[in-house]
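Student: Okay, handing you the structure first.
2 protein chains.
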Amino acid sequence: MSWKTYLEKAQPRFLDELIEFLKIPSISTSPAHSGDVRRAVEWTENRVKQAGFDDTQIFETGGHPVLFAQWLNAPSAPTVLIYGHCDVQPIDPLALWETPPFEPTIRDGRIYARGASDMKTSVLTAVIACEAWLKAEGRLPVNVKLLIEAEEEIGSPNLESFVAAHKDLLACDLVISADSGQSDKGPELPYGVRGLVGMQIDVRSAKTDLHSGSGGGIAPNSIHTLVELLASMRAADGTILVDGFYDDVIDLDEAERKRIAANDNVAEFVQYAGIKGTIGEPAYTPAERGVARPTLEINGIWGGFQEDGVKTVIPAEAHAKITCRLVPGQTPDQIFERVKGHILKHASPLVECTVTRLPGSAFPYLLPLDHPGAQASIRALKRVYNGQEPVLTRSGGTVPFLGIMNRLLGVHTISYGFSGDHENIHAPNEFFKLKNFPLGQEGFCILFEELANQ
Amino acid sequence: MSWKTYLEKAQPRFLDELIEFLKIPSISTSPAHSGDVRRAVEWTENRVKQAGFDDTQIFETGGHPVLFAQWLNAPSAPTVLIYGHCDVQPIDPLALWETPPFEPTIRDGRIYARGASDMKTSVLTAVIACEAWLKAEGRLPVNVKLLIEAEEEIGSPNLESFVAAHKDLLACDLVISADSGQSDKGPELPYGVRGLVGMQIDVRSAKTDLHSGSGGGIAPNSIHTLVELLASMRAADGTILVDGFYDDVIDLDEAERKRIAANDNVAEFVQYAGIKGTIGEPAYTPAERGVARPTLEINGIWGGFQEDGVKTVIPAEAHAKITCRLVPGQTPDQIFERVKGHILKHASPLVECTVTRLPGSAFPYLLPLDHPGAQASIRALKRVYNGQEPVLTRSGGTVPFLGIMNRLLGVHTISYGFSGDHENIHAPNEFFKLKNFPLGQEGFCILFEELANQ
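So the sequence lines, in the order shown, correspond to chains A and B. Everything in the first sequence is counted per our numbering, starting at 675 for the first residue and increasing by one. Everything in the second sequence is counted per our numbering, starting at 675 for the first residue and increasing by one.
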């Protein structure tokens, strides 16, 4: 029996299993649900064993546990590590759900439940693909390791230290992140994300708030100092004026500029965002600026009197939060130090100014498109989508995991999953388009084949 | 019997009356105390009648009532209007009062009670002086009108319209504001205050908050636009860069610069405020900038994410509040229009920017020191203080009343009262130094004489 026949025959069971998995309220941010999160990890371990993995282990972390499993009986073939998570987002506002979030319901070819799209269906899909190979063909064409965490929805606070502590166990030739999707228009290969570093600026100009009747014209004002500092960091056109900010950026080559231009969705974004136009460095197109150039954004600012009416105060304290999106060549440490240096250099000597790094840094990540894993992914998607060429997409967002695996394990990651567009992730009425369930199973089976054919 | 002998004999009664007056909890901001506020106005009317005024009237306003009284039997003498208020500030935090705020208590030569310094004692002091003249001498040397309001502590919302509606009734040659004080070091003649105008700036850059992963590098950011606008309005040294901001300012002459230099307390202010140094226009001394030059201060700013942690948001909305202190030559309307014009001219065309005027404008006011009222006040204070020359003080703060009387009645105001330094006004344990009670009574009696001798 081929894996394909195996899959065809077992679809009703797989759907029952999916419903069972989606019923577990594994909300990782909620202490009340920590037992459910563990149950989801254990459910996954059992399901992985059932698929044919003998070697499984649940690791404790400072938070929720991590599942690791491996099948390493293809000695001359490459080793791939499949990443996924079995925790889910909170469900509020509950009143907006048409059916309860943990009572999976099928309507119009969709299964509605929290975690359906993000990403229990994709976890099960990958496991099913392994099972189909193992049960139907008696083997997998590549060595497979599975890493399923349960803290992704709270920012994976223990993942980096777990990976650092288990480098040998996790060693592989390629990581496959199943936390990904395809477009309704056809297949996509996401190949790049930006990094991130954030900081808070705190300015103090006096011992206490002052009265502008007695201090106006004499006393420094923390908010004036702060706005001068913030204004000095970015030109009106969006170009960042921090010394050395762009120094280490690896510039775009012509091929990359063409790829970005081919996938330019800025017009749609402008429409969606309700903005009157775009800003940014004149030497780059908006599409390039949105995914492949670094940014510096003020995310929040506060100080002084914020209520109705008038208060003639000279505020002693003012605060702002900034984040920078980073691109290849830049690192969180380097950019934090340069922005901090700019702030401390330009701050008035009459104020105290402190710059504090915020948690949640991430390195930028770019998958080399000539990497054998990238090429295998492209070939696999073309087979799954009847010859349709995958669109190469680069995102302006951040996925810390990609940089972590690259830095700690020295390997690249392909994002390869089958969630669909606009499936209400992180929102009420999350769903998964069920036609992509068998499609994804086939997709992983084919990917394993293509990875073996490098 | 002279007014002096009359005063000496009646001091015990005056103290009893002061205690009675201070017992009335006339907190104007508290609806629960509106009956008490009216009671304080009525108490004052009775006391004024007892002093010898036949012509008294309580006027209703949209808020608390106003007491008017007049004695006009000095046909060839000038007419002065004495201003005061009989409402008081709230009493919280009550736990910090050593004795209850409306149970006046004498300790160490001070009377402790809410309203003792600000300004029931001064109201009674002026009335007693009138009584001493009328009862001892059978006449006042000048014609006297009394205007006692009960809304000063809530910003005198009905005073301007009351004055505008009763110009003939209030017509006079000089206003005496008894809402004033003397220094422990000796007499003071306050002769100038700054004006005020405030506005709020609201910036909107998108329909909704955006994610910096998808919009960073493309979308305008309301906070960046706001800080650019705010930074464009003031140089780092404090000079205001709004076109025309200084155009109508009447510059300081040498005599005025000398007067300001003679009363320079900036070093004390720097110490008190805990600031590392002063800012401001290089062509003026800090003392000049603090009282005689206009200002533009950001009083508050807010927008975007202000909690702990990181949120990679591009905020759609940002807000700031600004007030300007004004000096002679400037008007609230003019400066509002110029600052608004600057903001609208420099705002990015990619954002919506609105500028809204805030309530509470005031004109600047400067008493000409050669004015007969100013000269009479100086002579009176020298007599009261055994020949000590009053210090001429100009304030950086704002007293809307002074500009209102000048604009609506065309008259000048001398500030002439006997509250002392640091008497905890608007704070727990407000008190009045009782030695200034008979001193103030004598002070007003002498002032009337000097005003008649113009």
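Note that the Cβ used here is the ideal one computed from N, Cα and C, for glycine as well.
Would you say alanine 1101 of chain A touches the ligand MN, meaning its beta carbon is less than 7 angstroms from a heavy atom?
Tutor: The ligand MN is absent from the structure shown, which contains no ligands of any kind.
Student: State the start and end residues of the unbroken beta strand (DSSP E) segment that holds aspartate 925 of chain B.
Tutor: Looking at the DSSP string, aspartate 925 of chain B is not in any beta strand (DSSP E), and its letter there is neither H nor E.
Student: Which chain A residues sit within Cβ distance under 7 angstroms of glutamate 902 of chain B?
Tutor: Result: Ala905 and Ala910.
Student: Beta-carbon separation of leucine 1032 of chain B and glycine 866 of chain B under 8 angstroms?
Tutor: Not closer than 8 angstroms, so no.
Student: What alpha helix (DSSP H) runs, 4 residues minimum, are completely inside the stretch 705-757 of chain A?
Tutor: Listed in chain order, they are 708-725.
Student: Where do the N-terminal and C-terminal ends of the beta strand (DSSP E) with tryptophan 976 of chain B fall, by residue?
Tutor: Here the beta strand (DSSP E) through tryptophan 976 of chain B covers 971-978.
Student: Put glutamate 823 of chain B into one of helix, strand or coil per three-state DSSP.
Tutor: Three-state DSSP puts glutamate 823 of chain B in a strand.
Student: I'd like to check one pair, cysteine 998 of chain B with valine 1013 of chain B: are the Cβ atoms closer than 8 angstroms?
Tutor: Contact flag set, yes.
Student: Give the DSSP bridge partners of serine 857 of chain A, in chain order.
Tutor: In DSSP, serine 857 of chain A forms a bridge with A:Gly860.
Student: List the whole-angstrom C-beta distance separating serine 702 of chain A from alanine 806 of chain A, where the pair is believed to meet the contact cut-off of C-beta under 8 angstroms.
Tutor: About 29 angstroms; that fails the 8 angstroms criterion.
Student: Report yes if the CB atom of serine 879 of chain A is closer than 8 angstroms to the CB atom of leucine 1024 of chain A, and no otherwise.
Tutor: Yes, these two residues count as a Cβ contact at 8 angstroms.
Student: Whose CA, out of A:Pro752, A:Phe695 and A:Ala714, lies closest to the CA of glutamine 1131 of chain A?
Tutor: Missing from the structure shown is residue 1131 of chain A; chain A here goes from 675 to 1128 and no further.
Student: Report the residue ranges of all beta strand (DSSP E) runs contained in full by the stretch 835-920 of chain A; include only those spanning at least 3 residues, in chain order.
Tutor: As far as the stretch 835-920 of chain A is concerned, its whole beta strand (DSSP E) runs of at least 3 residues are 848-851, 862-867 and 869-878.
Student: Between which two residues does the beta strand (DSSP E) carrying lysine 1014 of chain B extend?
Tutor: That residue, lysine 1014 of chain B, is in no beta strand (DSSP E); its alpha helix (DSSP H) goes 1006-1020.
Student: Under DSSP, the alpha helix (DSSP H) around serine 796 of chain A begins and ends at which residues?
Tutor: First-last of the alpha helix (DSSP H) with serine 796 of chain A: 795-806.
Student: For isoleucine 1120 of chain B, which residues in the same chain have their Cβ closer than 7 angstroms to its Cβ, ignoring the five residues on either side in sequence?
Tutor: Ala1054, Arg1057 and Val1058.
Student: If contacts are defined as beta-carbon pairs under 8 angstroms, then serine 886 of chain B and isoleucine 988 of chain B qualify, I think. What distance do you get, rounded to the angstrom?
Tutor: Indeed, because the Cβ distance is near 5 angstroms, the residues count as touching under 8 angstroms.
Student: Do valine 1001 of chain B and valine 923 of chain B have their beta-carbon atoms positioned less than 8 angstroms apart in this structure?
Tutor: In this structure, valine 1001 of chain B lies closer than 8 angstroms to valine 923 of chain B by Cβ.
Student: If I follow the unbroken alpha helix (DSSP H) through glutamate 625 of chain A, where does it start and stop?
Tutor: This structure does not reach residue 625 of chain A, given that chain A is present from 675 up to 1128, and the question cannot be answered.
Student: What does proline 1002 of chain A touch in chain B if you count any residue whose Cβ is under 8 angstroms from its own?
Tutor: In chain order: nothing, as chain B lies at least about 15 angstroms away.
Student: Anything in chain B within Cβ reach of phenylalanine 979 of chain A, meaning under 8 angstroms, just list it in chain order.
Tutor: Those within 8 angstroms of phenylalanine 979 of chain A in chain B are Asn973, Gly974 and Lys995.
Student: Could you please tell me which residues of the stretch 1085-1100 of chain A, in chain order, have their CB closer than 8 angstroms to any CB of chain B?
Tutor: Listed in sequence order: no entries.
Student: Quick check for students: name the residue ranges of the alpha helix (DSSP H) that lie wholly in the stretch 1048-1099 of chain A, counting only runs of 4 or more.
Tutor: Counting only runs of 4 or more, we get 1074-1083.
Student: So, for threonine 735 of chain A: in the same chain, excluding its five sequence neighbours on each side, which residues have a beta-carbon less than 7 angstroms away from its beta-carbon?
Tutor: Same-chain partners within the cutoff: Asn832 and Phe836.
Student: Quick test of your reading: alanine 852 of chain A and valine 797 of chain A, contact by CB under 8 angstroms. State the CB separation rounded to the nearest angstrom.
Tutor: Sure, about 6 angstroms apart at Cβ, within 8 angstroms.
Student: Identify whether lysine 932 of chain A lies in helix, strand or coil by the three-state DSSP scheme.
Tutor: Looking at lysine 932 of chain A - three-state DSSP - the assignment turns out to be helix.
Student: Closer than 9 angstroms, Cβ to Cβ, to anything on chain A: give me those residues from the stretch 929-958 of chain B, in chain order.
Tutor: Of all residues in the stretch 929-958 of chain B, Val940, Phe943, Val944, Tyr946, Ala947, Gly948, Ile949, Lys950, Gly951, Thr952, Ile953, Gly954, Glu955 and Tyr958 have a Cβ within less than 9 angstroms of some Cβ in chain A.
Student: Could you check whether the Cβ of proline 894 of chain B sits closer than 8 angstroms to any Cβ belonging to chain A?
Tutor: Chain A contact via Cβ: present.
Student: Using only the alpha-carbon positions, how far apart do threonine 779 of chain B and leucine 821 of chain B sit?
Tutor: The alpha-carbon atoms of threonine 779 of chain B and leucine 821 of chain B are separated by roughly 28 angstroms.
Student: Given a cut-off of 8 angstroms on the beta-carbon distance, is the pair glycine 869 of chain B and cysteine 804 of chain B in contact?
Tutor: Against a cut-off of 8 angstroms, the Cβ pair of cysteine 804 of chain B and glycine 869 of chain B comes out as no contact.
Student: Compare the beta carbon distance of valine 715 of chain B and proline 739 of chain B with 8 angstroms and say whether it is the shorter of the two.
Tutor: A contact, by the Cβ cut-off of 8 angstroms.
Student: Using 10 angstroms around the beta-carbon of leucine 900 of chain A, count the other beta-carbons present and answer buried if the total reaches 16, otherwise exposed.
Tutor: That one is buried.
Student: When you compare only the Cα positions, how much space is there between glycine 954 of chain A and asparagine 895 of chain B?
Tutor: Distance between the alpha carbons of glycine 954 of chain A and asparagine 895 of chain B: 11 angstroms.
Student: What do you reckon, are the CB atoms on tyrosine 757 of chain B and valine 818 of chain B nearer than 8 angstroms?
Tutor: Cβ distance not < 8 angstroms, so tyrosine 757 of chain B and valine 818 of chain B don't count as in contact.
Student: Would you list, in chain order, the members of the stretch 857-880 of chain B that have their beta-carbon closer than 8 angstroms to a beta-carbon of chain A?
Tutor: Cβ contacts with chain A: Arg868, Leu870, Gly872, Ser879 and Ala880.
Student: With respect to the beta strand (DSSP E) encompassing glutamate 991 of chain B, which residues constitute its N-terminal and C-terminal limits?
Tutor: Looking at the DSSP string, the run of the beta strand (DSSP E) that includes glutamate 991 of chain B is 991-1000.
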